[in-house]
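Report on the structure given below.
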Amino acid sequence: ETLFHGRDHSDLEPSLLRQAQPIADLRAAQGFLAKYGWTAAPRPGDPGPRAFAEAVRAFQSANRLPATGALDAATLRVMNRPRCGVPDPRGASGFQGVPRPRGVPDPQGAFDPRGVPDPRGNPGLRSDRDPRVPQPPPARAR
Amino acid sequence: AKRFLQLLRPLVGREEASGDSGATRAFSKRTLKWRLVGEGYSSQLSAGEQRYIFRLAFRMWSEVTPLDFEEDLTSPGAQIDIKLGFGRGRHLGCPRVFDGSGQEFAHAWRLGDVHFDEDEHFTPPASDTGISLLRVAVHEIGHVLGLPHTYRTGSVMQPNYIPQGPAFELDWSDRKAVQKLYGPCEGSFDTAFDWIRKERNQYGEVMVRFSTYFFRKSWYWLYENRNNRTRYGDPIQIPIGWHGIPAQNIDAFVHIWTWRRDERYFFKGNQYWWYDSDKDQAHTEDEQGNRYPKLISEGFPGIPSPLDTAFYDRRKRLIYFFKGSLVFAFDVERNQVLNSYPKKIIDVFPAIASQNHPFRNIDSAYYSYAHNSIFFFKGNAYWKVVNDKDKQHNSWLPSNGLFPKESTSGKWFDVCDVHTSTLSM
């Protein structure tokens with residue numbers, strides 16, 4: 001078991017044996033990008049350094065890093081952060097259980113519902129400073 | 001073999017409503033069953049904690065979608081829509097192997113299986129260490145419902161884990177994304193009202209605040225007008241927030257508010273309750289020792305019951321009571337129905353657009369301080385009554401006229417039911 005001593009298990013000590021292999025080199029990064037749908041899986045003799053750089057650039061811009069295409073420390077740090085195992089929409093490989101039917105376009109753009117306005121400016125709401133008109137109380141957390 | 005056959009389970013009840021977003025609706029039925037599978041319990045948290053966290057995660061999605069989620073511990077596995085479980089390395093018959101602690105901490109399959117990497121240090125919501133199981137569960141359930149990853153700041157569907165305070169919630173865009181797949185939450189209200197509170201500010205001045213409440217069946221929501229959503233964690237069961245009034249199916253609420261009077265009444269069936277806003281409970285008797293609840297016919301002579309709804313017009317000092325296709329105007333000073341009443345609702349509140357009118361059986365009449373207007377709710381729609389501002393802009397508008405109906409969910413957002421089993425969380 002994972003070792004702990006406290007009744008509430010809050011002092012859990014992750015086993016050193018079962019650590020994920022850190023992504024620290026080119027091959028590991030290629031595997032990461034393929035695993036999460038940023039590139040096709042690298043095949044022996046694949047002439048893809050340009051494709052790899054393009055995938056790194058796309059990953060960097062999605063994560064708001066300088067999109068240099070170079071495998072720098074900041075990019076590796078993001079690759080090693082805890083994350084969900086489902087691929088990202090860009091070039092997703094249909095991992096989600098059911099392979100995408102042929103001919104169905106890849107969801108290229110990261111999902112971004114910007115088109116959904118947030119009508120904060122609700123008509124009719126008075127300014128907070130008008131004491132004569134009842135005001136809503138401040139919002140409270142759950 | 002069992003798991004392989006499940007992967008071939010016909011996609012009954014699963015449809016695709018593809019959009020350009022890569023999001024696809026995964027379920028077409030409204031109540032979904034889930035279970036933390038027996039062989040998938042974690043050893044890091046107690047069983048009760050794990051199930052509570054998952055129940056809360058599902059509840060958070062049901063608070064913003066027309067979907068209900070019910071934990072089912074007994075039905076055959078094939079009838080369970082969403083199965084969750086913890087495992088390490090090769091786990092639960094899943095073809096995708098976990099990588100040990102760090103990096104991948106969970107994944108979700110389109111057919112409703114969610115797996116958590118037992119090598120990760122998952123912690124309860126209140127903890128500030130480790131990885132919040134609640135947050136990861138909400139993320140993975142989002143995948144199961146059909147949402148893809150997004151890099152939008154603030155979204156729960158970001159692929160990387162972002163340590164955050166325990167009070168994370170689904171923001172506006174995540175809500176609209178899932179509602180694009182499953183539709184908005186619809187439904188009428190038994191009663192709706194703005195509750196007035198009087199408070200003193202730091203200068204000793206009396207401040208008057210209002211809070212908007214929607215009641216339906218045995219639960220209610222506080223609606224935060226400035227945030228365009230209900231309070232996080234609502235709905236709540238009526239007896240928890242309101243003491244001494246019926247626990248469900250309230251017909252009407254009226255607040256008689258003049259310079260001399262400040263009385264609030266709840267109506268149900270043939271009775272009414274006088275509510276003490278200072279003590280936050282219903283009065284059990286009046287000043288003469290007469291017991292509450294009282295008969296509507298005694299307290300409000302000439303008013304029929306049970307009522308459909310009612311509201312108080314502060315300017316005219318009249319309570320408008322509604323029943324069927326009739327409306328009764330009750331003078332609170334002389335404690336009697338005006339002579340010319342009852343009348344047809346359509347005669348008192350005429351339709352501005354011909355035939356665009358509720359006509360009868362109004363679910364709830366609601367005066368909103370946020371909009372300075374009266375609204376009539378019926379089914380999934382509302383009709384707004386012409387107010388002074390409307391008349392100033394368009395003098396031809398009939399007094400008390402009703403504008404054409406509009407969708408309630410287009411003005412009051414995300415007022416969603418949750419499964420009754422998760423009401424008391």
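Sequence order for the protein chains is A and B.
With our numbering applied, the first sequence covers 1 to 142.
With our numbering applied, the second sequence covers 1 to 425.
Even glycine gets a Cβ: it sits at the ideal position worked out from N, Cα and C.
Being a predicted model, the structure only gives us computed values, none of them experimental.
List, from N- to C-terminal side, the alpha helix (DSSP H) runs of 4 residues or more that fit wholly inside the region 243–324 of chain B. 296–299
What residue ranges within the region 341–387 of chain B form continuous alpha helix (DSSP H) runs of no fewer than 4 residues, ordered along the chain? 345–348
For residue 56 of chain B, I'd like the list of residues in its chain whose CB is within less than 7 Å of its CB, leaving aside the five on either flank, ordered along the chain. For this step, residue 56 of chain B is matched to residue 56 along the second sequence. Contacts found: 134, 425.
Looking only at its chain, what residues have a beta carbon closer than 8 Å to the beta carbon of residue 270 of chain B, apart from the 5 residues adjacent to it on each side? Within the second sequence, numbered from 1, the residue matching residue 270 of chain B stands at position 270. 295, 296, 297, 305, 306, listed in sequence order.
Between which two residues does the alpha helix (DSSP H) holding residue 119 of chain B run? On the second sequence, residue 119 of chain B is found 119 positions in, with the first residue counted as 1. That residue, residue 119 of chain B, is in no alpha helix (DSSP H); it is neither H nor E in DSSP.
Helix, strand or coil, according to DSSP, for residue 182 of chain B in the structure here? By 1-based counting over the second sequence, the position of residue 182 of chain B is 182. Residue state, collapsed to three classes: helix.
Please classify residue 415 of chain B as buried or exposed, where buried requires at least 16 other C-beta atoms within 10 Å of its C-beta. As a first step, residue 415 of chain B is located in the second sequence; it is residue number 415 there, counting from the start. Buried is the call here.
Would residue 60 of chain A count as contacting chain B if we go by Cβ distances under 9 Å? By 1-based counting over the first sequence, the position of residue 60 of chain A is 60. No, residue 60 of chain A lies away from the interface with chain B (no Cβ there is under 9 Å from its Cβ).
Give a yes or no on whether the minimum CB-CB distance between residue 87 of chain A and chain B is below 9 Å. Within the first sequence, the letter at position 87 stands for residue 87 of chain A. True, the Cβ-Cβ gap to chain B drops below 9 Å.
Within the same chain, show all residues whose beta-carbon is closer than 7 Å to that of residue 146 of chain B, passing over the 5 residues directly before and after it, in chain order. Counting from one through the second sequence, the residue named residue 146 of chain B turns up at place 146. 23, 24, 25, 26, 181.
Could you name the residues of the same chain whose beta carbon sits closer than 8 Å to that of residue 411 of chain B, not counting the 5 residues immediately before and after it, in chain order? As a first step, residue 411 of chain B is located in the second sequence; it is residue number 411 there, counting from the start. The residues are 382.
Compute the distance between the beta-carbons of residue 308 of chain B and residue 362 of chain B, then report whether it is under 9 Å. For the purposes of this step, residue 308 of chain B is taken as the residue at position 308 of the second sequence. For the purposes of this step, residue 362 of chain B is taken as the residue at position 362 of the second sequence. Cβ atoms of residue 308 of chain B and residue 362 of chain B: closer than 9 Å.
So what does DSSP say about residue 137 of chain B, is it helix, strand or coil? Along the second sequence, read from residue 1 onward, the residue named residue 137 of chain B stands at position 137. Helix, per DSSP.
Using only the alpha-carbon positions, how far apart do residue 244 of chain B and residue 287 of chain B sit? The residue labelled residue 244 of chain B in the question sits at position 244 within the second sequence. The residue labelled residue 287 of chain B in the question sits at position 287 within the second sequence. Their Cα atoms are separated by approximately 18 Å.
Out of curiosity, what's the CA-to-CA distance linking residue 87 of chain B and residue 70 of chain A? Reading the second sequence from its first residue, position 87 is the one you call residue 87 of chain B. Reading the first sequence from its first residue, position 70 is the one you call residue 70 of chain A. Whole-angstrom Cα-Cα distance: 35 Å.
Of all Cβ atoms in chain B, is any one closer than 9 Å to the Cβ of residue 20 of chain A? If you number the first sequence from 1, residue 20 of chain A lands on position 20. Interface residue, yes.
Backbone CA spacing between residue 110 of chain A and residue 39 of chain A [nearest angstrom]: Residue mapping note: residue 110 of chain A aligns to position 110 of the first sequence, counting from 1. Residue mapping note: residue 39 of chain A aligns to position 39 of the first sequence, counting from 1. Residue placement at residue 110 of chain A is flagged as unreliable, the pLDDT there being 27, under the threshold of 50; the coordinate-derived value follows with that caveat. Rounded to whole angstroms, residue 110 of chain A to residue 39 of chain A spans 15 Å at the Cα level.
Compute the distance between the beta-carbons of residue 98 of chain B and residue 191 of chain B, then report whether it is under 9 Å. Along the second sequence, one-based indexing puts residue 98 of chain B at 98. Along the second sequence, one-based indexing puts residue 191 of chain B at 191. No, the Cβ-Cβ distance between residue 98 of chain B and residue 191 of chain B is not below 9 Å.
What residues from chain A crowd round residue 248 of chain B, counting only those whose CB sits closer than 7 Å? Residue numbering aside, residue 248 of chain B sits at position 248 when the second sequence is read from its first letter. By Cβ distance, chain A contributes nothing, its closest Cβ being about 24 Å from residue 248 of chain B, past 7 Å.
Would you mind stating whether residue 131 of chain B and residue 161 of chain B have Cβ atoms separated by less than 9 Å? Counted from its first residue, the second sequence places residue 131 of chain B at position 131. Counted from its first residue, the second sequence places residue 161 of chain B at position 161. Taking 9 Å as the Cβ cut-off, residue 131 of chain B and residue 161 of chain B qualify as a contacting pair.
Using a C-beta to C-beta distance shorter than 9 Å, which residues of chain A count as neighbours of residue 317 of chain B? Counting from 1 along the second sequence, the entry for residue 317 of chain B is found at position 317. Near residue 317 of chain B there are no residues of chain A at all, since even the closest Cβ is about 18 Å away, more than 9 Å.
Pull up the DSSP beta-bridge partners for residue 327 of chain B, would you. Position 327 of the second sequence, counted from the first residue, corresponds to residue 327 of chain B. Answer is B/322, B/343, bridged to residue 327 of chain B.
Considering only the beta carbon of each residue, do residue 186 of chain B and residue 418 of chain B sit closer than 9 Å? Numbered from 1 along the second sequence, position 186 holds the residue referred to as residue 186 of chain B. Numbered from 1 along the second sequence, position 418 holds the residue referred to as residue 418 of chain B. No, they are not a contact pair.
Burial state of residue 378 of chain B (16 or more Cβ within 10 Å): For the purposes of this step, residue 378 of chain B is identified with residue 378 of the second sequence, where counting begins at 1. When all chains shown are included, residue 378 of chain B counts as buried.
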